[in-house]
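Residue numbers (the numbering used here): 1 to 161. Where is the CB? At the ideal position from N, CA and C, for every residue including glycine. Report on the structure given below.
In C-alpha cells:
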C-alpha cells in the first residue's frame, strides 16, 4: 500500500504526517504487526517553493515526539505520484479540491486526513503552522498525530484484505 500526504509546500504538515506515520509503521514492523515494507509513505506539496522541511517542524518532531528525522526534500506533486498512490491524504479540503479539479478520475482515493481518520468529523482541515510560532507547529503536529493514530488500524485492516 502506498500513501501520499499532501499540503501546500511539503515543508510542514505533509512532512510531519509522513514522519509520524513512518514511525508508527516502523514500530508495527518491529513487533511483527505488519510485514516489512507493506506500507510505503511519501509526501508532496501543491506549490513547492522551499527545498527542505521547516526548522520548527523538524524541531517539533524531534523534541515533542522523539523522532529523529531524516533529511527531507520538499517535492511538487505529480501525476505519477497520484497514479502510484493507493491513498492520498490532504491536509485541507482546499488541497483535496485542487487535486480533484485536475485529476477527477482519482476521486475514490483522495480524502483529507481528518475525514479519513474521523469519518464523522465536521472540521476537516489541519491548520497551517507556517510562519507561526512553535505552539502553532505543536498544535498541528498533535492534530496530525491524533488522526494518524486513529486511522492506523484501519490501514492494517486494509492490508489484511
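For residue 82 and residue 39, believed in contact at Cβ under 8 Å, the rounded distance: As a first step, residue 39 must be located in the chain shown, where it is residue number 39. As a first step, residue 82 must be located in the chain shown, where it is residue number 82. That belief does not hold up - the Cβ atoms of residue 39 and residue 82 are roughly 18 Å apart, past 8 Å.
- prompt: What number of angstroms, rounded off, separates the C-alpha of residue 35 from the C-alpha of residue 21?
  reply: Start at 1 with the first residue of the chain shown, and residue 35 comes out as number 35. Start at 1 with the first residue of the chain shown, and residue 21 comes out as number 21. Straight-line Cα distance between these residues: approximately 15 Å.
field: Selected residue, minimal CA-CA separation from residue 153, among 110, 33, 93
entry: Residue mapping note: residue 153 aligns to position 153 of the chain shown, counting from 1. For the residues 110, 33, 93, the minimum Cα distance to residue 153 belongs to 33.
- prompt: Measuring CB to CB, does residue 114 end up less than 8 Å from residue 147?
  reply: Taking the first residue of the chain shown as 1, we reach residue 114 at position 114. Taking the first residue of the chain shown as 1, we reach residue 147 at position 147. Contact flag set, yes.
message: By alpha-carbon positions, which one of 156, 45, 28, 23 ends up nearest to residue 145?
response: Along the chain shown, read from residue 1 onward, the residue named residue 145 stands at position 145. Checked all of 156, 45, 28, 23; the closest Cα to residue 145 is 23.
Contact check, residue 12 vs residue 140, beta carbons under 8 Å: Translated into positions along the chain shown, residue 12 becomes position 12. Translated into positions along the chain shown, residue 140 becomes position 140. Yes; because the gap between Cβ atoms is below 8 Å, this pair is in contact.
query: CB residue 41 to CB residue 25, shorter than 8 Å?
result: What you label residue 41 is simply residue 41 of the chain shown in a count that begins at 1. What you label residue 25 is simply residue 25 of the chain shown in a count that begins at 1. Yes; because the gap between Cβ atoms is below 8 Å, this pair is in contact.
- request: Output the distance between the C-alpha atoms of residue 65 and residue 19, rounded to the nearest integer angstrom.
  value: Along the chain shown, one-based indexing puts residue 65 at 65. Along the chain shown, one-based indexing puts residue 19 at 19. Distance between the alpha carbons of residue 65 and residue 19 is about 10 Å.
- prompt: If you draw a straight line from the C-alpha of residue 175 to the C-alpha of residue 92, how long is it?
  reply: In the structure displayed, the chain extends from 1 to 161; residue 175 sits before or after that span and is not available.
task: With DSSP as the reference, label residue 107 as helix, strand or coil.
output: The residue labelled residue 107 in the question sits at position 107 within the chain shown. Of the three classes helix, strand and coil, the one that applies to residue 107 here is helix, per DSSP.
query: Should residue 8 and residue 133 be called a contact, given that it needs their Cβ atoms to be closer than 8 Å?
result: Numbered from its first residue, the chain shown carries residue 8 at position 8. Numbered from its first residue, the chain shown carries residue 133 at position 133. No. Outside cutoff.
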